[in-house]
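A.B. asks:
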Amino acid sequence: MIIFNTTYHADHSRKDEFISWLKNFYIPAVLEHGALQEPQLTRIFAENEEEGISLSLQFKSPDTDTLERWHEECGETLLCDMQKKFGKQVLGFSTLLEVIDL
Numbered sequence: 001m002i003i004f005n006t007t008y009h010a011d012h013s014r015k016d017e018f019i020s021w022l023k024n025f026y027i028p029a030v031l032e033h034g035a036l037q038e039p040q041l042t043r044i045f046a047e048n049e050e051e052g053i054s055l056s057l058q059f060k061s062p063d064t065d066t067l068e069r070w071h072e073e074c075g076e077t078l079l080c081d082m083q084k085k086f087g088k089q090v091l092g093f094s095t096l097l098e099v100i101d102l
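Heads up, the sequence shown is in the UniProt record's numbering, so the first residue is 1 and it goes up one at a time.
1. Rounded to a whole number of angstroms, what is the C-alpha to C-alpha distance between L41 and C80?
2. Just to confirm, are F4 and L67 a CB contact at a threshold of 7 Å?
3. Could you tell me which residues DSSP puts in a beta bridge with R43?
4. Compare the beta carbon distance of Q89 and R14 with 7 Å and say whether it is the shorter of the two.
5. Under 7 Å, do T7 and F93 count as touching if we go by C-beta distance?
6. Let me check one thing: in DSSP terms, what residues is D11 bridge-paired to?
7. With a threshold of 6 Å on Cβ separation, who are the neighbours of H12 within its own chain once the five nearest residues in sequence on each side are excluded?
8. Could you name the residues of the same chain whose beta carbon sits closer than 6 Å to that of Q37, not counting the 5 residues immediately before and after it, in chain order?
9. Excluding sequence positions up to five away, which residues of its chain have a Cβ less than 7 Å from the Cβ of E73?
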């Protein structure tokens, strides 16, 4: 199991709009594609909160091939949509995590 984590930092002036966009546009579009499942959105407690808010959005994927297919078919377009809408007021980076059974 792979966890696809994206960490975002949003300016305070756009944070409510960005969270709404994630909930009402981005997450539904990702789920509609069908490759990624179980979204989880969390706030990150950070030292630089006076500059904005940090968020983590995670989805589960069965494997990296599925994630790569999603990125090619859907993810790149959604990233462009976000960049057009929010510019440099929202920045993000992604991390892949592999679940290790305990």
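A virtual CB, placed ideally from N, CA and C, is assigned to each residue, including glycine.
C.D. replies: Let me spell this out:
1. 20 Å
2. yes
3. L55
4. yes
5. yes
6. G52
7. G52
8. K60
9. H33
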